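Colleague: The structure follows.
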Amino acid sequence: MAPQLNAWPLIIEKLTIIKSDQEDDFIEDIIEGEGKIVLSFLNAHAANIAWNDKVFADLLLGSDILVRDGVGISILLRSLGLNAGGNLNGTDLIEKILLKVDKNKSIAVFGTIDPYLNMACQKIKDMGFSKELICQNGFMADGEYLNLYNETLPDIVILAMGMPKQERISLLLKSSKAEKNSLIINGGAIADFMAGRFSRAPNWVRKAGFEWFYRLISEPKRLWKRYLLGNFAFLFRVIVIMAAIKKER
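Here's what the structure looks like:
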């Protein structure tokens, strides 16, 4: 198998497959987990980056929990004869976690820019959290986030920076010597979605697996490379890895 393919089998093996009827139990488990737990999401875009970027692939592999996000990874898993489980879309899952968690927990949001950061933090605050949120934009040096984490020791950290910075920061926070139970979530555009900066697809579009198309037509200039070129590249790579694995067998 060519060197650039090595990461995908490892990443696939790393995936935690959750059935739709197991989602509530999964949320309970990660909320009550001990130590610092890094939760990451694997979508087609992340897989494309990991194909050529070993550093990013290693960041994904360094996560404590990696879950499937999107129809692309479902296609990949099913093409390899594997169970794809339920779709754990990051934006939806993070909001479910926030709704379910004890409202006395402390929350930090690191990412995006104002006014969207403040708007997202206010929306989270309005869910009933009793403690002041720790909110910081996504454009500081890596070490500053570690310092802020060590100073505040939040129970939940939502990183809304995009790939690969958020994955890098998540492992940096996990390396903190502070003895603290923290759920560290790589949330992508979660803060921007919560603030209404970007619109979500209607629920029926999401269930049909076409949220990517909705986002493309909503923001064609920003997302055409990711979803047009990226999706074709992803499907080609699925075929390549299927052939490589079949040959090894």
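So for the sequence shown, the numbering used here puts the first residue at 1; every next one is plus one. Where a beta carbon is used, it is the ideal one built from N, C-alpha and C, also for glycine. If you're wondering where the values come from, they're calculated on a predicted model, not measured in any experiment.
According to DSSP, is Ser-182 helix, strand or coil?
Modeller: Looking up residue 182 in the sequence shown gives position 182. Three-state DSSP puts Ser-182 in a strand.
Colleague: Which two residues bound the contiguous alpha helix (DSSP H) that contains Gly-111?
Modeller: In the sequence shown, counting from the first residue as 1, residue 111 sits at position 111. From DSSP, Gly-111 is part of no alpha helix (DSSP H) but of the beta strand (DSSP E) over 107-111.
Colleague: Starting from Gln-136, trace the beta strand (DSSP E) in both directions and tell me its first and last residue.
Modeller: For this step, residue 136 is matched to residue 136 along the sequence shown. 134-136 is the span of the beta strand (DSSP E), which, as asked, contains Gln-136.
Colleague: Please confirm whether Leu-146 and Cys-135 have their CB atoms less than 8 Å apart.
Modeller: If you number the sequence shown from 1, residue 146 lands on position 146. If you number the sequence shown from 1, residue 135 lands on position 135. In this structure, Cys-135 does not lie closer than 8 Å to Leu-146 by Cβ.
Colleague: Give every residue of the same chain whose Cβ lies closer than 6 Å to the Cβ of Ala-2, excluding the five residues on either side of it in the sequence, and list them in chain order.
Modeller: In the sequence shown, residue 2 corresponds to position 2, counting from 1. At Ala-2 the pLDDT is 45, less than 50, meaning the model places this residue with poor confidence; the figure from the coordinates comes in the next sentence. Contacts found: none.
Colleague: Just to confirm, is the Cβ distance from Phe-41 to Val-67 under 8 Å?
Modeller: The residue labelled residue 41 in the question sits at position 41 within the sequence shown. The residue labelled residue 67 in the question sits at position 67 within the sequence shown. Yes, these two residues count as a Cβ contact at 8 Å.
Colleague: Check the DSSP bridge columns for Ile-190 and list the partner residues they point to.
Modeller: The residue given as residue 190 occupies position 190 in the sequence shown. According to DSSP, which records beta bridges pairwise, Ile-190 is partnered with nothing at all.
Colleague: Have a look at Glu-28, Gly-33, Lys-131 and Tyr-227 and flag the residue whose alpha-carbon is nearest the alpha-carbon of Asn-43.
Modeller: As a first step, residue 43 is located in the sequence shown; it is residue number 43 there, counting from the start. The residue with the shortest Cα to Cα distance from Asn-43 is Tyr-227.
Colleague: Does DSSP put Arg-168 in a helix, in a strand, or in coil?
Modeller: Residue 168 sits at position 168 when you count from the first residue of the sequence shown. Helix.
Colleague: Which of the three DSSP states is assigned to Val-101 in this structure?
Modeller: Taking the first residue of the sequence shown as 1, we reach residue 101 at position 101. Val-101 falls in the coil class under three-state DSSP.
Colleague: Are there three or more Cβ pairs, one per stretch, closer than 8 Å when the stretch 21-33 is compared with the stretch 174-188?
Modeller: Between the stretch 21-33 and the stretch 174-188 there are three or more C-beta pairs closer than 8 Å, enough to call the two in contact.
Colleague: What three-state label does DSSP hand Lys-19 in the structure shown?
Modeller: Translated into positions along the sequence shown, residue 19 becomes position 19. Three-state result, Lys-19: coil.
Colleague: Just to confirm, is the Cβ distance from Ala-195 to Met-119 under 8 Å?
Modeller: Position 195 of the sequence shown, counting from 1, holds the residue named residue 195. Position 119 of the sequence shown, counting from 1, holds the residue named residue 119. Yes; because the gap between Cβ atoms is below 8 Å, this pair is in contact.
Colleague: Report yes or no: do three or more beta-carbon pairs, one from the stretch 87-104 and one from the stretch 164-171, lie closer than 8 Å?
Modeller: no
Colleague: Is there contact between the stretch 230-238 and the stretch 47-55, where contact requires at least three CB pairs shorter than 8 Å?
Modeller: Three or more beta-carbon pairs drawn from the stretch 230-238 and the stretch 47-55 are found closer than 8 Å, and the two stretches are therefore classed as touching.
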